[in-house]
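Below is one structure, written out as structure tokens; comments come after it.
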Amino acid sequence: MSRLRCTLHQCLGRGGFAEVYLASVRRSGGKERQVAIKVLRPNLDDPDEAHQRLKDEARLLATLNHPALPAAHGTARVEGRLAMVMEYCENRNLQDHINAYRKKGTRVSDRRTVRWTLEIAEVRVHQSANYNNSMSIDD
987 MSRLRCTLHQ
997 CLGRGGFAEV
1007 YLASVRRSGG
1017 KERQVAIKVL
1027 RPNLDDPDEA
1037 HQRLKDEARL
1047 LATLNHPALP
1057 AAHGTARVEG
1067 RLAMVMEYCE
1077 NRNLQDHINA
1087 YRKKGTRVSD
1097 RRTVRWTLEI
1107 AEVRVHQSAN
1117 YNNSMSIDD
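Residue numbers (the working numbering): 987 to 1125.
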């Protein structure tokens, strides 16, 4: 873990064991940049397991290279809690896209639904292939 100067700006989302924040960080002597920081929630039932899960996630994400996945920059401590620092992507998520269609009062076409499904599947296959570090295909 390296020493970062970190300013949390807003919470982007919360899950069962972590919260993700938009933040700006500055390494000692470096320039400031925006990142997303996933910080473990306080008072977890099994903090050791949560620490290991976050470390595993950071290691896995660091091995992946896909346009739909953020780059992992490593782990750090934020207010004493373990955190993963990653690239901040301003892209909208799937729910944002669906809500935009609803707001316009239009239906998501079957073609667009299939395209989104294939993009999600591509990312999942990419994650799985890299996580297992091998993929076998029977002829």
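C-beta: ideal position from N, C-alpha, C; glycine also. Just so you know, these numbers come straight off a predicted model, no measurement behind them.
{"Asked": "Rounded straight-line distance, which links the Cα of Asp-1034 to that of Arg-1063", "Found": "15 angstroms"}
{"Asked": "Straight-line Cα distance separating Tyr-1007 from Ala-986", "Found": "Nothing can be reported for residue 986: it is not among the residues displayed for the chain, which extend from 987 to 1125."}
{"Asked": "Tyr-1087, DSSP secondary structure in three states", "Found": "helix"}
{"Asked": "Close-in-space but distant-in-sequence residues of the same chain around Val-1021 (CB under 6 angstroms, 5 per side omitted)", "Found": "Ala-1009, Val-1011, Val-1071 and Tyr-1074"}
{"Asked": "Under 8 angstroms between C-beta atoms of Pro-1028 and Arg-1067", "Found": "yes"}
{"Asked": "Simplified DSSP state of Arg-1000, which is helix, strand or coil", "Found": "strand"}
{"Asked": "Residue from His-1052, Glu-1105, Ala-1058 and Glu-1018 with nearest C-alpha to Asn-1044", "Found": "Note that residue 1044 is Ala in the sequence shown here, rather than Asn. Closest by alpha carbon: Ala-1058."}
{"Asked": "DSSP three-state assignment for Leu-1047, whether helix, strand or coil", "Found": "helix"}
{"Asked": "Cα-Cα separation, Met-1121 to Ala-1004", "Found": "Caution applies to Met-1121, whose pLDDT of 36 falls short of 50 and renders its modelled position unreliable; the model cannot decide the point."}
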